[in-house]
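Its first residue numbered 328, the sequence shown is counted upward by one per residue in my numbering. Structure record follows, encoded as structure tokens.
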Amino acid sequence: MHTVFSDGHVWPSFRVNEALRDGLDAISITEHIDYEGFPDEIKKDYNKTYELATAAAKNKNLLIIPGIEISPRVPPYHHNALFVTDANKYPSEYMKDGKKKFIMKPDLTKAQLMAPFLEAKKQQAFVFYNHPSYSWWDKKDTTVFTQFHHELLDQGIMAGVEVVNSGNYNILAHRMAMKYNLTFLGNSDEHYDLYPRYADTHRPMTLVFAKDKTAEGIKQALIARRTAIYVDDFIIARQNEAEQFFKAAVQLTSKKIDRKGEPILEIKLSNNSDIPFKVKATAQYDIEAFPGGQTTLLPQQTTTLILKAIWKYPAKTPLKLEVYNILVSADEVLETTFDIAIDQ
Ligand SMILES: [Zn+2]
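Written as structure tokens, this is what we have:
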């Protein structure tokens, strides 16, 4: 996100209050290193936004991750660097003069564009490609993953990509993440206050499967690609994270019942998450009452499925679920199976 310390329109403590209201565990304010909205009013200290946010989050259960945004308008375009140790050390020599207007030098060099990335590497920052798109860039360059990106990847600098930015799902970025094995990130990139835009939903966010709630724990999880994106009612993740997330969210219990002589298996699916999961269930027996086996597992509720008729109960039987709002690639939804053990 941004604040008045680059081209945002709120103070850093405002971002902290929004995050506390939304119950988040961690945020990062990633000011542009090469653009300032209010240079006459705000002194150039790129660490200030982190310092003010950290002070506002003191004694609160919210981690502030120091970050910046490197934002040239030629390849490699915008990238965030997280876990920076000194935001003032990031060069932006590709800019013409001053940073009030975004004008780059006509004779800028590759070395000038590479310089902030080398600084990120030196500071062991986690770098990811922001909102990859070609529609609002130079129309001459329609390659989204350019030679420059290959170099950043080969040098171990760039490790992730924003598949969701300001509420918009980017299928090109999703395919890029799968192809180059990049960490999935979903961010608001908010410049104003978040509330009006997400009044009826929640801000897009990255779910990070960290071993502990520390900045280092988050960093290690990002490096290991243990993330999922939560946008509207969708989860976007790799198969492993998607499946474990779903199975941690939905508990299954079953019971044999003799219903007036008809042997059935009653299955209860309890969704302990806040996400309504749209599923299609398939079993080796008929599923009662849900056309096509389709239903929605409502948040914090239990859905009952009946399998029938089971004249001879097996020791176990599979229940396969396709979860339409969990994507495991740009073209596939999560498929998972519960092996239901049946008491004999
Ligand atoms: Zn950007």
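Where a beta carbon is used, it is the ideal one built from N, C-alpha and C, also for glycine.
Beta-carbon proximity check, residue i vs residue j, cutoff 8 Å
i, j, result
"GLU568", "THR663", "no"
"LYS635", "ILE591", "yes"
"GLU396", "PRO418", "no"
"VAL343", "ALA408", "no"
"PRO399", "THR473", "no"
"ASP516", "HIS458", "yes"
"TYR507", "LEU480", "yes"
"PHE365", "ILE392", "no"
"LEU351", "LEU379", "no"
"ASN374", "ASN415", "yes"
"VAL655", "PHE573", "no"
Near ligand 1: residue i beta-carbon under 7 Å from a heavy atom
i, result
"HIS458", "yes"
"HIS476", "no"
"GLN493", "Before going on, a small fix: residue 493 reads as Ser here, not Gln. No."
"HIS405", "yes"
"ASP361", "no"
"ASP516", "yes"
"GLU396", "yes"
Closest by C-alpha distance to residue i, when choosing among the options
i, options, result
"ASP361", "VAL606, ARG586 and MET422", "MET422"
"PHE617", "PRO626, LEU625 and LYS607", "LYS607"
"LYS595", "THR629, VAL488, ASP585 and ALA564", "THR629"
"HIS677", "ASN508, MET503 and GLY494", "The requested residue 677 does not occur in the structure, where the chain is confined to residues 328 to 671."
"ARG348", "LYS375, LEU480 and ALA526", "ALA526"
"THR412", "GLU420, ALA452, VAL491 and LYS437", "ALA452"
"ILE563", "PRO626, ASN652, GLN627 and ALA542", "ASN652"
"MET503", "SER515, LEU479, VAL471 and TYR522", "VAL471"
"GLU363", "PHE429, ILE392, THR623 and ALA353", "PHE429"
"LYS643", "GLN627, LEU661 and ASP670", "ASP670"
"ALA551", "LEU389, GLY487 and LEU654", "GLY487"
"GLN482", "MET505, MET441 and TYR522", "MET441"
Contacting residues, own chain, Cβ-Cβ under 8 Å from residue i (five flanking each side not counted)
i, result
"VAL337", "THR330, VAL331, TYR519 and ASP520"
"PRO645", "ALA610, GLN611, THR664, PHE665, ASP666 and ILE667"
"ALA576", "ASN598, ASN599, SER600, ILE602 and PHE604"
"ILE556", "VAL490, VAL491, PHE511, LEU512, GLY513, PRO531, MET532, THR533, LEU534, ILE562, ILE563 and ALA564"
"HIS698", "Any property of residue 698 remains undetermined from this structure, which presents the chain solely from 328 to 671."
"GLN621", "LYS605, VAL606, LYS607 and ALA608"
Close-in-space but distant-in-sequence residues of the same chain around residue i (CB under 6 Å, 5 per side omitted)
i, result
"ALA537", "GLY544, ILE545 and ALA548"
"ILE498", "ALA657"
"LYS449", "none"
"ILE685", "This structure leaves residue 685 out entirely; the chain is present only between 328 and 671."
"HIS501", "VAL490 and ALA657"
Residue i CB to nearest heavy atom of ligand 2 below 7 Å
i, result
"ASN598", "This structure does not include ligand 2; its bound ligands are ligand 1."
Cβ-based neighbour list, residue i, same chain, cut-off 7 Å, excluding 5 preceding and 5 following
i, result
"THR376", "THR330, PHE332, PRO339, ILE356 and GLU358"
"GLU593", "SER581, LYS582, ILE584, THR631 and ILE633"
"PRO626", "ASN598, SER600, ASP601, ILE602 and PRO603"
Exercise. In the region 446-500, which residue ranges form an unbroken alpha helix (DSSP H) of at least 4 residues, counting only runs that do not cross its ends?
Worked result: 474-481
Problem set entry | Segments of 4+ residues assigned as alpha helix (DSSP H) that fall wholly inside the region 566-632 | 566-576
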